[in-house]
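This report concerns only the one structure given below.
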Amino acid sequence: MSSPRAHTIIHDIGTMVTPARVPAPIRGDDLAAVVQVSGAAIAIGDDGAILASGPEAEVRAAVSSDDDTQFHDARGALAIPGLVDCHTHPVFSGDRAAEFELRNLGAGYEEIHAAGGGIRASVARTRDALDAGTIAPQVRRHLDWMLAAGTTTAECKTGYALTLEHELESLKVLQGVAADHPLRTTRTLLAAHTVPVEFDGRADAYIDEVAIPAAQRAVREGRATAADVFLERGSFDVAQAERYLVAAQQAGLVARIHGDQFTDQGGIEMAVRIGARSIDHLEALEPDAPRLRALAQSDVAGVLLPLSSLFLGRPYAPGRELVDAGAIVALASDFNPGSSYGESLTLAMSLACLGSRLRASEVLTATTVNAAWVLGLADRVGRLDPGYRGDVVLLDQPSLAHLPYHVGSPAVRGVFVGGLEVGAAAAGVYA
Ligand code: NIG
Ligand code: FE
96 MSSPRAHTII HDIGTMVTPA RVPAPIRGDD LAAVVQVSGA AIAIGDDGAI LASGPEAEVR
156 AAVSSDDDTQ FHDARGALAI PGLVDCHTHP VFSGDRAAEF ELRNLGAGYE EIHAAGGGIR
216 ASVARTRDAL DAGTIAPQVR RHLDWMLAAG TTTAECKTGY ALTLEHELES LKVLQGVAAD
276 HPLRTTRTLL AAHTVPVEFD GRADAYIDEV AIPAAQRAVR EGRATAADVF LERGSFDVAQ
336 AERYLVAAQQ AGLVARIHGD QFTDQGGIEM AVRIGARSID HLEALEPDAP RLRALAQSDV
396 AGVLLPLSSL FLGRPYAPGR ELVDAGAIVA LASDFNPGSS YGESLTLAMS LACLGSRLRA
456 SEVLTATTVN AAWVLGLADR VGRLDPGYRG DVVLLDQPSL AHLPYHVGSP AVRGVFVGGL
516 EVGAAAAGVY A
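Using the working numbering, the letters of the sequence shown correspond one by one to residues 96 to 526.
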């Protein structure tokens with residue numbers, strides 16, 4: 096039998112690291128189980144899937160090459176699976192740099208929100224940009240940043256539009272931008288992000304008249320695979336969040352929850368009750384709380400968002416305790432204009448080590464296999480094993496241990512999606 100022809104061979108990899116072949120989702124001690132191979136190569140076929148990976152001699156013997164095969168010299172770089180960001184908010188216009196300054200001078204994030212700034216400020220600008228048809232280049236620019244940082248798959252939420260038509264338009268714009276962008280994206284309807292100004296004091300009416308119909312239409316029109324809610328004082332309470340998410344599930348969407356960011360509102364119990372895929376943030380979850388154990392024993396993932404802890408000067412989620420208790424733990428950027436204006440998953444990995452006391456191997460699994468599981472893509476992305484999509488990040492690091500240790504360094508030397516090297520150039524779209 097002839098060996099399969101490689102479209103791309105990435106060779107002279109210093110060290111290749113990929114999660115061990117434990118089925119997803121990965122919990123407990125298995126989170127730290129990774130396979131490390133020095134002197135490695137990765138061969139990718141014409142369909143963009145990995146044909147072989149591992150010791151270079153074995154990979155070269157397993158595949159054939161011809162004049163059209165692309166050889167990429169990794170020059171001793173560290174190779175990891177393309178990173179999977181399972182929680183981002185890229186559909187917004189403008190930014191909130193002025194608010195960042197105000198916060199640094201003493202104003203509180205929730206205080207700014209209560210005064211009509213914060214999310215509502217981004218909503219006003221985003222609605223205008225959607226109406227003017229000027230938002231697509233801004234969304235594209237956000238996706239470009241993610242790709243350049245080593246993210247090859249990202250979940251993208253709406254949530255800065257908050258009318259039925261604007262939320263659906265946000266999904267449509269994402270779909271349009273993603274159609275010719277190398278980043279693989281999934282779309283989540285975050286119609287219940289906050290109560291927009293025209294529904295002030297009428298959160299229940301907003302859920303019934305906007306959020307639930309938006310979820311139903313998003314499914315009918317094939318625009319989203321998940322629904323999300325911000326369960327927090329000042330946004331939605333647990334009854335409202337549950338009504339929206341259960342309706343979304345009935346329509347066919349996966350349920351996600353922003354919970355325990357500032358306060359415990361019963362989000363973990365609700366997530367377990369309704370069978371949500373994840374609860375994200377968890378900065379208000381005490382390490383010894385009984386509900387931490389309840390989350391750990393469930394099939395709901397806990398998604399750590401340490402860039403938002405850094406950005407808001409908040410506690411870090413109890414990642415160590417969650418892993419030790421056997422929870423499904425994933426790690427994401429929470430890229431958004433107000434609480435985490437940063438797309439770097441490598442920085443998130445450093446912060447999860449420093450702030451939540453995770454290990455380098457654990458944060459790798461949390462940003463690859465487990466993040467892919469949260470998105471329902473664990474059979475396709477997140478590993479460097481044969482059959483997985485040829486998404487590879489090359490980093491200027493000598494070993495996996497150096498990745499979170501080298502804080503804030505981009506160190507990205509190459510990003511491959513489906514075996515193709517992708518460049519990302521973002522410029523000139525200031526709005
Ligand atoms: O995930 N927590 C709610 N939503 C975002 C922040 C939104 C904003 O400030 O614009 C988050 O942190
Ligand atoms: Fe978020």
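Glycine included, each C-beta is placed from N, C-alpha and C at the ideal position.
Next on the checklist: On the DSSP letters alone, give me the boundaries of the beta strand (DSSP E) that S133 sits inside.
Outcome noted: V129 to I139
Item to check | Span of the beta strand (DSSP E), counted from its first residue to its last, around G70 | outcome: Outside the displayed range of the chain (96 to 526) lies residue 70, so it cannot be described from this structure.
Item to check | Backbone secondary structure at H167 - three-state DSSP | outcome: strand
Next on the checklist: Taking a contact to mean a Cβ-Cβ separation below 7 Å, would you say A427 touches V458 in this structure?
Outcome noted: no
Next on the checklist: Is D429 near the ligand FE - that is, is its Cβ less than 6 Å away from at least one heavy atom of it?
Outcome noted: yes
Next on the checklist: My output table needs one value for V367: the three-state DSSP class, helix, strand or coil.
Outcome noted: helix
Next on the checklist: Quick check on V502: buried or exposed, where buried means 16 or more other Cβ atoms within 10 Å of its Cβ?
Outcome noted: exposed
Item to check | 4 or more residues per run - each alpha helix (DSSP H) lying fully within the segment 427-455 | outcome: 440-451
Checklist entry - If we count the other Cβ atoms within 10 Å of its Cβ and call it buried at 16 or more, is L472 buried or exposed? => result buried
Item to check | Residue range of the unbroken beta strand (DSSP E) whose run includes R484 | outcome: R484 -> no beta strand (DSSP E), and no H or E assigned at all.
Checklist entry - Can you tell which of T248, E381, V186 and C251 has its C-alpha closest to the C-alpha of G228? => result V186
Next on the checklist: Applying the 10 Å Cβ sphere with the 16-neighbour rule, what's the burial state of G271?
Outcome noted: exposed
Item to check | Nearest-angstrom beta carbon gap, A286 and Q311 [assumed within contact, 8 Å] | outcome: About 11 Å; that fails the 8 Å criterion.
Next on the checklist: Does the distance between the C-beta of G213 and the nearest non-hydrogen atom of the ligand NIG fall short of 6 Å?
Outcome noted: yes
Item to check | Contacts around S188, its chain only, beta-carbon distance under 6 Å, and the 5 residues preceding and following it disregarded | outcome: R220, T221, A224, I230, Q233 and A526
Checklist entry - Whose CA, out of D142, F195, L257 and D419, lies closest to the CA of G433? => result F195
Checklist entry - With DSSP run on the structure shown, which of helix, strand or coil describes F406? => result helix
Checklist entry - Any heavy atom of the ligand NIG closer than 6 Å to the CB of P382? => result no
Checklist entry - Which two residues bound the contiguous beta strand (DSSP E) that contains I104? => result T103 to P114
Item to check | Proximity below 7 Å, CB of R318 to CB of L266 | outcome: yes
Next on the checklist: Spatial neighbours of A425 within its chain, please: C-beta separation below 6 Å, excluding the five flanking residues on both sides.
Outcome noted: C181, A396, V398, A461, N465, A466 and V469
Next on the checklist: Only counting the same chain, and skipping five residues up and downstream in sequence, which positions put a Cβ closer than 6 Å to that of A522?
Outcome noted: Low per-residue confidence applies at A522: pLDDT is 34, beneath 50, and the placement is therefore not dependable, though the value from the model is reported in the following sentence. Contacts found: none.
Checklist entry - In whole angstroms, what is the alpha-carbon distance linking A343 and A119? => result 25 Å
Item to check | Identity of the residue in P382, D474, E250 and S330 nearest T280 by Cα | outcome: E250
Checklist entry - What are the complete beta strand (DSSP E) segments, minimum 3 residues, inside the segment 266-326? => result 279-287 and 321-325
Checklist entry - If we ignore side chains and look at the alpha-carbon of each, how far apart do R368 and T248 end up? => result 29 Å
Item to check | Which residues DSSP lists as bridging G354, in chain order | outcome: H376
Checklist entry - Between D299 and the rest of its own chain, which residues show a CB-CB distance below 7 Å, the 5 nearest in sequence each way excluded? => result Q335
Checklist entry - Roughly how many angstroms lie between the CA atoms of A506 and S439, to the nearest whole one? => result 11 Å
Next on the checklist: Is H353 near the ligand NIG - that is, is its Cβ less than 6 Å away from at least one heavy atom of it?
Outcome noted: yes
Checklist entry - For the ligand NIG, any of its heavy atoms closer than 6 Å to the Cβ of Q335? => result no
Item to check | S393 in three-state terms, based on DSSP | outcome: coil
Checklist entry - Is there contact here, the segment 444-455 with the segment 139-146, by at least three beta-carbon pairs under 8 Å? => result no
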